Amino acid sequence: MTVSKDLFKQTMGSFPTGVTVTTAYTADGQVIGMTASAFSSVSLDPLLVLMCPAKNAECYSALTEAAYFSIHLLAGDQGPLAWQFAKSDMDKTEGLTISKSPNGAPKIQGCLAYLECRHHALYDGGDHGILVGEVTHIELPDTDREPLVYCKSALGPLPSINA
Numbered sequence: 007m008t009v010s011k012d013l014f015k016q017t018m019g020s021f022p023t024g025v026t027v028t029t030a031y032t033a034d035g036q037v038i039g040m041t042a043s044a045f046s047s048v049s050l051d052p053l054l055v056l057m058c059p060a061k062n063a064e065c066y067s068a069l070t071e072a073a074y075f076s077i078h079l080l081a082g083d084q085g086p087l088a089w090q091f092a093k094s095d096m097d098k099t100e101g102l103t104i105s106k107s108p109n110g111a112p113k114i115q116g117c118l119a120y121l122e123c124r125h126h127a128l129y130d131g132g133d134h135g136i137l138v139g140e141v142t143h144i145e146l147p148d149t150d151r152e153p154l155v156y157c158k159s160a161l162g163p164l165p166s167i168n169a
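Residue numbering for the sequence shown follows the numbering used here, starting at 7 and increasing by one per position.
This is the structure:
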């Protein structure tokens, strides 16, 4: 059986994942970013994570060339934020409070968790890059909120595991 791109996308879309927003500053100081479910821990020594931006994403060059970038883990009530960063050709930061992390990466206020990453490596992943970052700062401000999950083209909070 030949595997088609559509079948592959449908199959991978059936696997629930967490939802993140990755951001960085452009050379001229603008915040750029994208929504991504392709995010994973890589190593404990050193502390490494990866995310996989599409090479045709408008923010690809800025994200992959930034010395520092941010990964925001989204909470179950942040579906609108995920969709805001999933769109192209718009000001993705409209209505957001953004500060700078200790090393100057953009930090969106109100997320479930925040990781500041120093660019560690960029690998070829076909039509995506595999961007590896060394985690230099973490904030986990709200452990009582449930995470946002993505599955079958839908976003929603993970059902409470304490129920």
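Cβ coordinates follow ideal geometry from the N, Cα and C atoms, glycine included. Remember, predicted model here, so these are calculated numbers, not experimental data.
- Per DSSP, the continuous beta strand (DSSP E) segment holding Thr29 begins and ends at Thr26 to Tyr31.
- The segment 111–129 and the segment 78–95 touch, with no fewer than 3 CB-CB distances between them shorter than 8 Å.
- Take the alpha-carbon of Gly101 and the one of Ser94: they are about 17 Å apart.
- Residue pairing of Ser76 in beta bridges, as defined by DSSP: Thr29 and Glu122.
- Contact check between the segment 44–52 and the segment 97–114: fewer than three CB pairs, one atom from each, fall below 8 Å, which does not count as touching.
- Met57 has Phe45 and Leu137 as its beta-bridge partners, per DSSP.
- Judged by their CB atoms, Leu137 and Pro52 are not nearer to each other than the 9 Å cut-off.
- Taken through DSSP and simplified to helix, strand or coil, Gly131 comes out as strand.
- Its Cα nearest to that of Ser76, the residue Ser105 stands out among Asp34, Phe14, Lys15 and Ser105.
- Contact check for Gly110 against Tyr31 passes: the beta carbons are separated by less than 9 Å.
- Within its own chain, the residues whose Cβ lies closer than 7 Å to the Cβ of Pro108, once the five positions on either side in sequence are excluded, are Glu122 and His143, listed in chain order.
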